[in-house]
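Beneath this line is the structure, given in structure tokens, with notes to follow.
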Amino acid sequence: MSADAAATLVTALLATADLSLALPLQSGVGAIGDLVFGVLLWVLEQWYWLMDWVYHFTSLEMLNPRYRFMHRAILVGLCVGVMAPLIGTFLVHRQLALIGDALAHTGFAGVAIGLFLNAVIDLGVSPYLTAVVVAMIAALFIELISEVTDAYNDVSMAIVLSTGFALGTTLISLNAGGLAVGINQFLFGNLSTVSPQSAAILLVLFAVIVGTVALTRNQLLYVTFDETAAAVSGISVNWYNRVMVMLTAMVVVGAMQIMGVILVAAMLVVPVAGATQVSRSFSESLVISVALAELAVLLGIAVAYYGGVTAGGAIVLVAVGIYVCAVALGKIQSARGEQTTPDMGSIEADSADVGTGTGND
Numbered sequence: 001m002s003a004d005a006a007a008t009l010v011t012a013l014l015a016t017a018d019l020s021l022a023l024p025l026q027s028g029v030g031a032i033g034d035l036v037f038g039v040l041l042w043v044l045e046q047w048y049w050l051m052d053w054v055y056h057f058t059s060l061e062m063l064n065p066r067y068r069f070m071h072r073a074i075l076v077g078l079c080v081g082v083m084a085p086l087i088g089t090f091l092v093h094r095q096l097a098l099i100g101d102a103l104a105h106t107g108f109a110g111v112a113i114g115l116f117l118n119a120v121i122d123l124g125v126s127p128y129l130t131a132v133v134v135a136m137i138a139a140l141f142i143e144l145i146s147e148v149t150d151a152y153n154d155v156s157m158a159i160v161l162s163t164g165f166a167l168g169t170t171l172i173s174l175n176a177g178g179l180a181v182g183i184n185q186f187l188f189g190n191l192s193t194v195s196p197q198s199a200a201i202l203l204v205l206f207a208v209i210v211g212t213v214a215l216t217r218n219q220l221l222y223v224t225f226d227e228t229a230a231a232v233s234g235i236s237v238n239w240y241n242r243v244m245v246m247l248t249a250m251v252v253v254g255a256m257q258i259m260g261v262i263l264v265a266a267m268l269v270v271p272v273a274g275a276t277q278v279s280r281s282f283s284e285s286l287v288i289s290v291a292l293a294e295l296a297v298l299l300g301i302a303v304a305y306y307g308g309v310t311a312g313g314a315i316v317l318v319a320v321g322i323y324v325c326a327v328a329l330g331k332i333q334s335a336r337g338e339q340t341t342p343d344m345g346s347i348e349a350d351s352a353d354v355g356t357g358t359g360n361d
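The sequence shown begins at 1 in UniProt numbering and counts up one residue at a time.
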């Protein structure tokens, strides 16, 4: 597609999407970027239309067409409800549940860097973009520290977590251009601050994460449960470990918008922990964890809106409540003699084709 054609398509998309955002149409790479962003904004407009339709039939106040920020918050929440358990299921079975906390704190450092650069040199970049970059770099450092120093993963995570949060708090304390103003939205999340731009960034992260997991699921599954056998079969274990932590960084930054730094890791762990109580295979656990996460997000956002409380806290509390119910259901199933946790046989059945499919590494 030529640059002129791309610019024309972007203009047409923005004409149909009443978002009041002016995008500079450039040539070459700039036009491609504008095209992608224009498509994302068009997708947002279709989401608004869907929410308006739901409001027409339900009359729910939080879906009122006047509250576009709520429409965007629900979209972001639903995407997080898929991304977090999708990655969290692998992390929990790899005993890396706390890596989300480490990357969330480094993501906070990325936000602080973005705010600092915007205040000092008027860079004009979204803090969420800098958070993505910094979190992904931190994810690679976690793996690098473990590989070079032979330290356990929890040691490398602790080092990166403390360094990231120290950097973030140091930059915030400088208060250059009022950095401390509004920082609570990044610490605890805020439904009203989900802008069209940050929602568009989240949609890109969602596409990358889901697409990558779909393409590398077998390899990631094999590495998760038997690194030695995966290495012997020709799979690059270190490479897929890096892929996993980088995907985790993307999830963390995406979820930070509504969950905040403090609580973002919960969505990687709690729905998955609940799903393992009532599932019998890895695939079943994955599907159930996504369903539980979506339920927690929708109920949590509703509680936050109507109760006037912090969205991140409400979502986590609902998720924990669902987890308690799942544990109770799991105990009932166990009392009836039913298997409630994924066993290695079911995992091997899930990944039966991995041993012969080493061409994608």
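C-beta: ideal position from N, C-alpha, C; glycine also.
Following the DSSP letters along the chain, one finds M244 inside the alpha helix (DSSP H) bounded by residues 237-263. If you draw a 10 Å sphere on the C-beta of H56, you find fewer than 16 other C-beta atoms in it, and that means exposed. In the DSSP annotation of this structure, the continuous segment of the alpha helix (DSSP H) that includes S283 starts and ends at 282-307. The region 114-130 and the region 185-205 touch, with three or more beta-carbon pairs separated by less than 8 angstroms. Distance from the CA of A255 to the CA of I209, rounded to the nearest whole angstrom, comes to 13 angstroms. Between G100 and A249, the gap from beta carbon to beta carbon reaches 7 angstroms or more. Residues T106, G107, A109, G110, I113, G164 of the same chain have their beta carbon placed closer than 8 angstroms to that of V134, with the five preceding and five following residues left out of the count. For M136, the enclosing alpha helix (DSSP H) covers residues 127-149. The beta carbon of G168 sits closer than 6 angstroms to those of F108, A109, A112, all from its chain and outside the five residues before and after it, given in chain order. Taking one beta carbon from each stretch, the region 284-298 and the region 58-71 have fewer than 3 pairs nearer than 8 angstroms; the two do not touch.
Between S233 and the set Y222, M157, L286, G300, the nearest pair of CA atoms involves Y222.
CA-CA distance, A273 to F282, rounds to 12 angstroms. If you check the CB distance, L191 and A296 do not come in under 7 angstroms.
Each residue's CA atom was taken as its position, placing G330 and R280 some 11 angstroms apart.
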